[in-house]
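Protein chains in written order, with numbering that gives the first Met the number 0: chain B, 0 to 302; chain E, 0 to 302. This report refers to the structure that appears directly beneath it.
Number of protein chains: 2
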Amino acid sequence: MPEILVVGSVAFDSVETPFGKAEEVLGGSATYFSTSASFFTGVNLVAVVGEDFPDAHITSLSKKGINIGGLRKVPGKTFRWKGYYGYDLNQAHTLETHLNVFSSFNPEVPEEYKDVPFVFLANIDPELQMKVLEQVRKPRFVACDTMNFWIEGKPEALKELLKKVDLFVINEGEARELSGEASLVKAAKAILGYGPKTLIVKRGEYGALMFSGGSVFSSPAYPLEEVFDPTGAGDTFAGGLMGYLAATGELSEDNIRKAIIFGSVMASFNVEAFSLERLDTLTLPEIKSRYSEFKQLTHFEDI
Amino acid sequence: MPEILVVGSVAFDSVETPFGKAEEVLGGSATYFSTSASFFTGVNLVAVVGEDFPDAHITSLSKKGINIGGLRKVPGKTFRWKGYYGYDLNQAHTLETHLNVFSSFNPEVPEEYKDVPFVFLANIDPELQMKVLEQVRKPRFVACDTMNFWIEGKPEALKELLKKVDLFVINEGEARELSGEASLVKAAKAILGYGPKTLIVKRGEYGALMFSGGSVFSSPAYPLEEVFDPTGAGDTFAGGLMGYLAATGELSEDNIRKAIIFGSVMASFNVEAFSLERLDTLTLPEIKSRYSEFKQLTHFEDI
């Protein structure tokens with residue numbers, strides 16, 4: 000049985016970066032997450048698309064070992080996002096968001112997915128994230144993401160959800176906004192107080208910080224010559240992280256640290272090209288080789 | 000014989016941060032550098048102060064093992080800087096700069112310092128930095144810092160200087176400005192092309208990156224609850240780094256990596272209080288203990 004359930008978006012993205020542009024390419028949080036996680040373990044995908052979504056994309060996801068039994072096709076158009084990045088590639092600028100069929104997305108977890116041990120609630124309305132949790136039975140490990148839109152619009156629903164998750168993955172600005180603390184260390188303490196056992200703060204080109212109990216882990220980002228397109232980096236990170244955790248089944252802090260490095264490795268590949276282009280050609284030896292490069296990148300001797 | 004020669008500023012700083020304010024406290028690049036380095040080795044200080052500079056400060060530097068034979072007191076007032084930091088503590092806002100006696104600073108290296116093996120040229124006019132290099136005899140290892148003012152005002156003099164230094168330490172924005180490259184990896188390649196064997200890019204709360212040959216090292220910053228006052232962090236970092244290198248006398252990449260961690264350790268203490276307050280009470284066991292915390296902060300297992 001596939002080890003992971005992910006609920007999120009499948010979308011068409013139109014993106015412009017200083018290095019080029021892509022029109023109506025495959026994107027969405029659940030797409031990036033599940034493609035990334037599929038390198039490590041099986042994934043059950045729950046999402047919605049419109050009638051315009053080509054069967055070729057569905058076949059392509061399926062071929063990666065992603066179970067698409069929970070991907071519903073409904074009347075209407077698929078979610079579309081249009082945006083651009085300047086030279087500060089940490090900052091996406093949204094030009095257009097058309098939720099289309101996603102606006103009435105009411106995730107239904109198929110019966111055969113309800114006992115999946117690892118659950119990832121990608122960035123959607125926290126009330127819907129909670130509805131997903133109400134449908135699954137005793138998951139072993141639940142992780143979720145969110146965004147400033149929900150932090151501002153539904154902070155109470157988000158805090159209710161956080162009581163029920165093991166791992167919360169958000170970016171730096173969101174951590175500060177949610178907690179009202181300028182200091183990231185204080186922000187992390189406050190957020191851990193809401194419920195999650197572990198918090199991972201994504202910092203784009205500066206890597207990630209994990210806070211868990213009294214422990215802090217600092218992971219670097221891979222120093223790339225060019226970040227070609229950062230779209231999907233956060234979900235690709237989460238996919239590598241959850242994929243490795245599910246594949247190994249071990250939830251010790253040491254294993255979560257390794258999982259964070261695998262997540263960082265996957266994200267570093269994803270940003271090398273538009274859409275899923277780089278992940279589509281990626282191999283396991285390349286992943287392992289870059290993991291070793293992260294080891295070399297951070298190595299220093301004891302005194 | 001003390002192992003390090005540092006040439007830079009000794010100043011009075013007036014600083015306001017979100018956590019408090021300090022008026023006319025001891026500061027300056029050479030002050031922070033030499034105090035930090037003095038935990039590891041002897042330091043020869045070359046700088047200039049005015050008649051208003053209290054003997055108590057000079058005695059205090061001397062008691063740290065800093066040789067103040069090159070600290071000249073001349074008619075006029077000591078260099079003064081006034082600034083503030085908002086919640087983004089990576090960004091200093093200058094309110095007033097009074098160069099005073101520093102405006103005619105023409106560093107003279109005393110005869111007995113001319114054979115010192117480790118030289119640090121703190122952030123001053125690159126033409127003066129070059130004049131210092133012309134006075135020393137066959138230094139084993141030369142490092143320098145600079146700032147946007149010189150990158151914009153004297154780029155050619157700076158590039159001439161860079162042909163003669165082993166290690167160049169600057170911040171992220173300066174690296175981009177000097178090279179004209181938005182990508183930090185490309186910026187580093189360009190800057191290494193100007194001459195230095197090693198480049199260290201300081202990224203404030205995000206740590207530091209070292210580029211040397213084909214190798215990259217990522218050092219985190221220590222996750223502090225509060226950065227009380229970042230003034231002097233960069234020079235304190237350089238002081239710990241150069242102090243450790245000079246004390247061990249080993250210039251391998253592995254040892255430079257350790258030195259970067261010691262520099263990061265020293266900077267993490269310095270920002271905990273105004274001026275040199277924290278360094279003045281710091282002990283070697285505290286330094287070693289925080290080094291071990293950096294090890295724990297970055298540790299992850301091999302695959």
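All C-beta atoms in this analysis are idealised placements derived from N, C-alpha and C, irrespective of residue type, glycine included. Please read all numbers here as calculations on a predicted model, not as lab measurements.
- Taking the C-beta atoms as reference points, Thr40(E) is found no nearer than 8 Å to Glu15(E).
- Judged by DSSP secondary structure, Asn147(B) falls outside any beta strand (DSSP E) and instead within the alpha helix (DSSP H) spanning Asn147 to Gly152.
- In the three-state reduction of the DSSP assignment, Lys130(B) falls in the helix class, which pools H, G and I.
- Taking Leu70(B) as the centre and dropping the five residues before and after it, the same chain places the C-beta of Leu44 and Ala46 closer than 6 Å to its C-beta, in chain order.
- For the pair of segments examined, the segment 251-271 of chain E was found not to touch the segment 168-186 of chain B: the number of CB pairs separated by less than 8 Å stays below three.
- In chain E, no part has a C-beta under 9 Å from the C-beta of Lys20(B); the shortest such distance is about 18 Å.
- Within the model, the alpha-carbon separation for Pro284(E) versus Tyr290(E) is close to 10 Å.
- Taking a Cβ-Cβ cut-off of 9 Å, the neighbours of Val184(E) in chain B comprise Pro222, Leu223, Glu224 and Glu225, given in sequence order.
- The Cβ atoms of Phe117(B) and Leu244(B) lie closer than 8 Å to each other.
- As DSSP reads the structure, Ala189(B) sits in no beta bridge.
- The contact set of Thr297(B) on chain E, defined by CB atoms closer than 7 Å, consists of Ser217 and Thr297 in chain order.
- Counting along the chain, the unbroken alpha helix (DSSP H) around His56(B) starts and ends at Asp54 to Lys62.
- Contact residues of the segment 59-90 of chain E toward chain B are Tyr86 (C-beta to C-beta distance below 7 Å).
- Counting only unbroken stretches of 4 or more residues, the alpha helix (DSSP H) elements lying wholly within the segment 151-222 of chain B are 154-161, 171-178 and 183-192, in sequence order.
- Under the 8 Å criterion on CB atoms, Arg289(B) is classed as non-interfacial with respect to chain E.
- Scanning chain B for C-beta atoms nearer than 8 Å to the C-beta of Lys257(E) yields Phe299, Glu300 and Ile302, reported in chain order.
- Each of Arg175(E), Gln134(E), Pro125(E) and Glu171(E) was checked against the Cα of Lys162(E), and the nearest Cα belongs to Pro125(E).
- Within the segment 234-262 of chain B, contact with chain E at the beta-carbon level (separation under 9 Å) is assigned to Asp253, Asn254, Arg256, Lys257, Ile259, Ile260 and Phe261.
- Taking 8 Å as the cut-off, the Cβ atoms of Phe101(B) and Ser8(B) count as close.
- Our two residues, Gly152(E) and Ala272(B), have alpha carbons roughly 38 Å apart in a direct line.
- When C-alpha distances from Met129(E) are compared across Val164(E), Arg175(E) and Phe210(E), the shortest belongs to Val164(E).
- Straight across, the Cα-Cα distance linking Phe119(E) with Leu223(B) is about 30 Å.
- In this chain, Phe78(B) is not harboured by any alpha helix (DSSP H), its DSSP state being neither H nor E.
- Listed by position along chain B, the residues whose Cβ is nearer than 7 Å to that of Lys294(E) are Asp301.
- Under the Cβ criterion of 8 Å, Ala272(B) is not counted among the residues facing chain E.
- Leu127(E) places its beta carbon less than 8 Å from that of Pro106(E).
- Less than 8 Å separates the beta-carbon of Lys201(B) from that of Phe236(B).
- When C-alpha distances from Trp80(E) are compared across Val168(E), Phe293(E), Ala232(E) and Gly26(E), the shortest belongs to Gly26(E).
- Ala232(E) is outside the set of residues whose beta carbon lies under 8 Å from a beta carbon in chain B.
- Between Thr197(B) and Leu166(B), the C-beta spacing is below 8 Å.
- Taken through DSSP and simplified to helix, strand or coil, Glu224(B) comes out as coil.
- What Ala181(E) touches in chain B, judged by beta-carbon distance under 8 Å, is Pro17 and Tyr86, going in chain order.
- As the crow flies, the alpha-carbon of Gly239(E) is around 24 Å from that of Phe78(E).
- Per the coordinates, the alpha-carbon of Ile150(B) lies some 11 Å from the alpha-carbon of Ile169(B).
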